[in-house]
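Enquirer: After the structure tokens below, expect a handful of questions from me.
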Amino acid sequence: MSFGERKSHQSGFGNTGSSEPMIGVHVLAQFEFCQRAGVISSEVASEDTGEESESPQRLDYLPDYEESLIRESLTSTMMAFWFASLLLATGVVAVGWMGNWRIEFGILSAVPLGVILYWWFRFVRAIVILRSRLDAAMNAVPREPNLLHLSEQIFNWWDLRRAGYQVDRMPEPMTDSSRGLIGRPWRVLRKGSLRIPVFRKHRGKQVIHNQQRTRIAAYCHLIESCEGSSAPFGLVMFAGSYDVVVVPNNGANQATLSDVVHRARQVLSSRNATHNIPVPARSACESCPLGRPRSFVPLEFDLPESLAPQSIRLSTGVGGLRYHSECGDRFDWIPPHKDATNLRLS
Ligand code: SF4
3 MSFGERKSHQ SGFGNTGSSE PMIGVHVLAQ FEFCQRAGVI SSEVASEDTG EESESPQRLD
63 YLPDYEESLI RESLTSTMMA FWFASLLLAT GVVAVGWMGN WRIEFGILSA VPLGVILYWW
123 FRFVRAIVIL RSRLDAAMNA VPREPNLLHL SEQIFNWWDL RRAGYQVDRM PEPMTDSSRG
183 LIGRPWRVLR KGSLRIPVFR KHRGKQVIHN QQRTRIAAYC HLIESCEGSS APFGLVMFAG
243 SYDVVVVPNN GANQATLSDV VHRARQVLSS RNATHNIPVP ARSACESCPL GRPRSFVPLE
303 FDLPESLAPQ SIRLSTGVGG LRYHSECGDR FDWIPPHKDA TNLRLS
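Heads up, the sequence shown is in this note's numbering, so the first residue is 3 and it goes up one at a time.
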């Protein structure tokens, strides 16, 4: 079977005709965190990307994890920088000359000069960032986990790359029809017969929770069952850092995966049960993106506020403003998110 067998279903939960309905790895990870989050994820048609959902918007589009791409980008940015520098120098001379001739022409010609200066600074900033990323890659020393004594420990992305791990992107999700699992890690590192799935975490502290262990166990299972390669561990990468945590694909994590799959199937197969799903510990809701209150914008629904759909669970906060949240809408309550407390929603 090829690596990344073609997907037959991309949503979190559906029937593919196999013995078990398909369930996405991202849905399982959410179930491990909170059953309500799992139900919401299963109802949204989304594909597993191997990254934490609700990834923050990137402020730059510079490559950061592949040395060849960083080098390419640095070369093209340097060329653009030299061109902008030439334009800038020409512009300064032109503005001086015009200003000498007629002061108003000098002021007018300073406007395009300002635009060039803006771009010049952007190129300088990009060069500094790319150079520091390239330095991190070049200064790496080969270091990799001991496969005989795997434990959760921090490694450096570039040290692993120096140790011979190459990066692959997976064009299609992997599917295990017999177990009804579908998912795609963010990247896969390969070395010999090893295939190491990588998951990227965007929020919170650099701490591993059971939801990430479940996810890594699921990816390792998919790799081993779809490709027949060995996946003794996976990596959790933290956005904005080159730190990666090794998560062993051991018996304990596989047992957690089986347990989560079982619980998720029980909840999702019983439609009525989804209305009576227990609330998790308050601390889980306090920073959960699904419980974060958002301003109610009637135009968002193309309706006047008085005709808001019943599925929207509106609550009123400080100043009489109206809010709702994904989890609040789905389960008809006000999740105790820290923003909801600050807004004193009722
Ligand atoms: S807000 Fe709370 S109950 Fe809702 S999905 Fe998040 S953690 Fe679960």
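Beta carbons are placed, not taken as given, at the ideal position from N, Cα and C, and that holds for glycine.
(1) Are Asp331 and Ser317 close, meaning C-beta to C-beta below 7 Å?
(2) Can you tell which of Gln168, Leu76, Trp122 and Tyr67 has its C-alpha closest to the C-alpha of Gly93?
(3) If you draw a straight line from the C-alpha of Val190 to the C-alpha of Glu146, how long is it?
(4) For the ligand SF4, is there a heavy atom less than 6 Å away from the beta-carbon of Ala286?
(5) Going by beta carbon distance, what residues of the same chain come within less than 7 Å of Ser43, once the five residues before and after it are set aside?
(6) How close, in whole Å, do the beta carbons of Pro234 and Asn251 come, if the pair is a contact with beta carbons under 8 Å?
(7) Classify Gln214: buried if its beta carbon has 16 or more other beta carbons within 10 angstroms, exposed otherwise.
(8) Between Asn255 and Leu323, what straight-line distance do the alpha-carbon atoms span, to the nearest angstrom?
(9) Rounded to the nearest angstrom, what separates Gly116 and Arg217 at their Cα positions?
(10) Which of helix, strand or coil does DSSP assign to Arg181?
(11) So does Pro280 have its beta carbon nearer than 6 Å to some heavy atom of the ligand SF4?
(12) Pull up the distance between the alpha-carbon of Leu61 and that of Trp103, whole angstroms please.
(13) May I have the straight-line CA-CA distance separating Arg202 from Gly52, to the nearest angstrom?
(14) DSSP state of Cys255, grouped into three classes?
(15) Between the stretch 175-194 and the stretch 223-239, do at least 3 Cβ pairs fall closer than 8 Å?
(16) Ile131 and Leu64 - do their beta-carbons sit closer together than 7 Å?
(17) Alpha carbon to alpha carbon, how far is Arg186 from Asp50?
(18) Thinking just about the alpha-carbon of each residue, which of Leu90, Val247 and Asn158 is nearest to the one in Leu152?
(19) Can you tell me where the beta strand (DSSP E) with Tyr325 in it begins and where it stops?
(20) Can you grab the Cα-Cα spacing for the pair Val281 / Leu292, in whole Å?
(21) Which residues mark the beginning and the end of the alpha helix (DSSP H) in which Ile172 is found?
(22) With which residues is Thr92 paired in a DSSP beta bridge?
(23) Given the structure, does Gly293 come close to the ligand SF4, in the sense that its CB is under 6 Å from one of the ligand's heavy atoms?
(24) Report the option in Leu149, Phe240, Tyr167 and Ile198 whose CA atom is closest to the CA atom of Val143.
(25) Which residues in the same chain have their Cβ closer than 6 Å to the Cβ of Cys36, if we skip the five residues on either side of it in sequence?
(26) Does DSSP put Leu61 in a helix, in a strand, or in coil?
(27) Taking its Cβ as the centre, do 16 or more other Cβ atoms sit within 10 Å of Asp66, making it buried, or is it exposed?
(28) For Trp159, which residues of its own chain have a beta-carbon under 6 Å away from its beta-carbon, when the five flanking residues on both sides are left out?
(29) So, helix, strand or coil for Asp261, using DSSP?
(30) For the ligand SF4, is there any heavy atom lying closer than 6 Å to the beta carbon of Arg296?
Expert: Let's see:
(1) The answer is no: Cβ separation not under 7 Å.
(2) Trp122
(3) 15 Å
(4) yes
(5) Gly14, His28, Val29 and Gln32
(6) 6 Å
(7) By the neighbour-count rule (16 or more Cβ atoms within 10 Å), Gln214 is buried.
(8) 45 Å
(9) 49 Å
(10) coil
(11) no
(12) Confidence is the limiting factor: at Leu61 the pLDDT is only 49, short of 50, which leaves the residue's position unreliable and the question unanswerable from this model.
(13) 6 Å
(14) This sequence places Asn at residue 255; Cys is not what is there. Helix.
(15) yes
(16) With respect to Ile131, Leu64 sits close: the two C-beta atoms are nearer than 7 Å.
(17) 6 Å
(18) Val247
(19) Arg324 to His326
(20) Cα to Cα, the separation comes out at about 13 Å.
(21) As written in the sequence, residue 172 is Met, which differs from the Ile given in the question. Counting along the chain, Met172 falls outside any alpha helix (DSSP H), and DSSP gives it neither H nor E.
(22) According to the DSSP secondary-structure assignment, Thr92 is paired through a beta bridge with no residue.
(23) yes
(24) Tyr167
(25) Pro282 and Ala286
(26) Bear in mind that a pLDDT of 49 at Leu61, under 50, signals an unreliable position, so the number given afterwards is only what the model happens to contain. Coil, per DSSP.
(27) buried
(28) Closer than 6 Å at Cβ, skipping near neighbours: Tyr244 and Val246.
(29) helix
(30) No - the ligand SF4 has no heavy atom lying nearer than 6 Å to the Cβ of Arg296.
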